[in-house]
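The working numbering applies: residue -3 is where the sequence shown begins, and numbers increase by one.
Note that CB positions come from ideal geometry on N, CA and C, so glycine has one too.
Here the structure comes first, spelled out in structure tokens, and everything after it is commentary.
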Amino acid sequence: MDAAQVGDLVVVSYENARTVGLIVEFNEDRDPLLGVLSGPFEIPHLLRETGDTLCMSYGKDWVLEPTDSQAAAPSHFETNRRAGLLVLTRNGWFMNFASSHIDQFGRFSWEWRDMEAFKQSARVEKGIVFDGWRLWSNIADRDHRNGRPLLSYKAEIQKGSQG
């Protein structure tokens, strides 16, 4: 990940599984923190990798496309223990990532990330909530008649959750 930058869409191998994520920050040792969108875990989450991890990079031209759903409405909202929610606010797009493991009751900690600068946000209170999205490698793939997304996601309440 020597040449990788914050905002890059990368593919790594984690626990022998293809893992797709966004680099959201580097620590002082240049170990990347990934916002994992698809991999061996059930939900989007944060994962610290080492700087010498091999990766394939799609760069920064990726496109995250919200999918329409009944949940898409302007409102105050409770995440109901769902990670991977995409929220449009007055300040831009945000996504929540799990930052801990899921316990036996379906609970976990999460943090919000600004999807432009990838900075952590203390909270996101109001916005249009999308519980589903598609990830494209670039806008040309999205706009191509036979284009297929790299992945699709639908945020679900975790098993055991008392939402």
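>> Under 8 angstroms, with one C-beta from each stretch per pair, do the stretch 99 to 106 and the stretch 124 to 136 reach the 3-pair mark?
In response: no
>> To the nearest angstrom, how far is the alpha carbon of Ser53 from that of Ala0?
In response: One-based indexing of the sequence shown puts residue 53 at position 57. One-based indexing of the sequence shown puts residue 0 at position 4. Their backbone Cα atoms lie some 7 angstroms apart in a straight line.
> Between Gly88 and the rest of its own chain, which residues show a CB-CB distance below 8 angstroms, the 5 nearest in sequence each way excluded?
Replying inline: Sequence index remark: in the sequence shown, residue 88 carries index 92 (1-based). Answer for Gly88: Asp110, Met111, Glu112, listed in chain order.
>> I'd like to know if the stretch 6 to 21 and the stretch 30 to 39 are in contact, where contact means that at least 3 CB-CB pairs between them fall below 8 angstroms.
In response: Yes, since at least three Cβ pairs between the stretch 6 to 21 and the stretch 30 to 39 fall closer than 8 angstroms, the two stretches touch.
>> Does Asp139 come out as helix, strand or coil in the three-state DSSP assignment?
In response: As a working note, residue 139 is residue 143 in the sequence shown. Asp139: helix per DSSP, three-state reduction.
> What does DSSP give as the partner residues of Met52 in its beta bridges?
Replying inline: Residue numbering aside, residue 52 sits at position 56 when the sequence shown is read from its first letter. Answer is Val7, bridged to Met52.
> Who are the Cβ neighbours of Leu43 in its own chain at under 6 angstroms, not counting the five residues just before and after it?
Replying inline: Sequence index remark: in the sequence shown, residue 43 carries index 47 (1-based). For Leu43, where only same-chain residues beyond five positions count, the Cβ hits under 6 angstroms are Leu30, Val32.
>> Based on DSSP bridge pairs, tell me the residues matched to His168.
In response: Since the displayed the chain opens at -3 and closes at 159, residue 168 lies outside it and no answer follows.
> Exposed or buried, Ala13, counting other C-beta atoms within 10 Å across all chains shown (16 or more means buried)?
Replying inline: As a first step, residue 13 must be located in the sequence shown, where it is residue number 17. Burial call: exposed.
> What residues in its chain sit with their C-beta under 7 angstroms from that of Trp58, if we drop five residues either side in the sequence?
Replying inline: Translated into positions along the sequence shown, residue 58 becomes position 62. Only residues of its own chain outside the window of five on either side were considered, and among them Leu5, Leu131, Trp132, Ser133, Asn134 have a CB closer than 7 angstroms to the CB of Trp58, listed in chain order.
> If you follow the beta strand (DSSP E) that Leu84 is part of, which residue opens it and which one closes it?
Replying inline: For the purposes of this step, residue 84 is taken as residue 88 along the sequence shown, with counting starting at 1. Counting along the chain, the beta strand (DSSP E) containing Leu84 begins and ends at 82 to 85.
> Do you know offhand how far Thr152's Cα is from Thr63's?
Replying inline: In the sequence shown, residue 152 corresponds to position 156, counting from 1. In the sequence shown, residue 63 corresponds to position 67, counting from 1. Note on residue identity: the sequence assigns Glu, not Thr, to residue 152. So the alpha carbons of these two residues sit roughly 14 angstroms apart.
>> Which of the three DSSP states is assigned to Val20 in this structure?
In response: In the sequence shown, counting from the first residue as 1, residue 20 sits at position 24. Three-state result, Val20: strand.
> Terminal residues of the continuous beta strand (DSSP E) containing Ser105?
Replying inline: Locating residue 105 in the sequence shown gives position 109, where the first residue counts as 1. No beta strand (DSSP E) contains Ser105, which DSSP labels as neither H nor E.
>> So for Thr15, helix, strand or coil by DSSP?
In response: If you number the sequence shown from 1, residue 15 lands on position 19. Reduced to three states, the DSSP call for Thr15 is strand.
> Does DSSP put Leu60 in a helix, in a strand, or in coil?
Replying inline: Counting from 1 along the sequence shown, the entry for residue 60 is found at position 64. The answer is strand: DSSP assigns Leu60 an E or B state.
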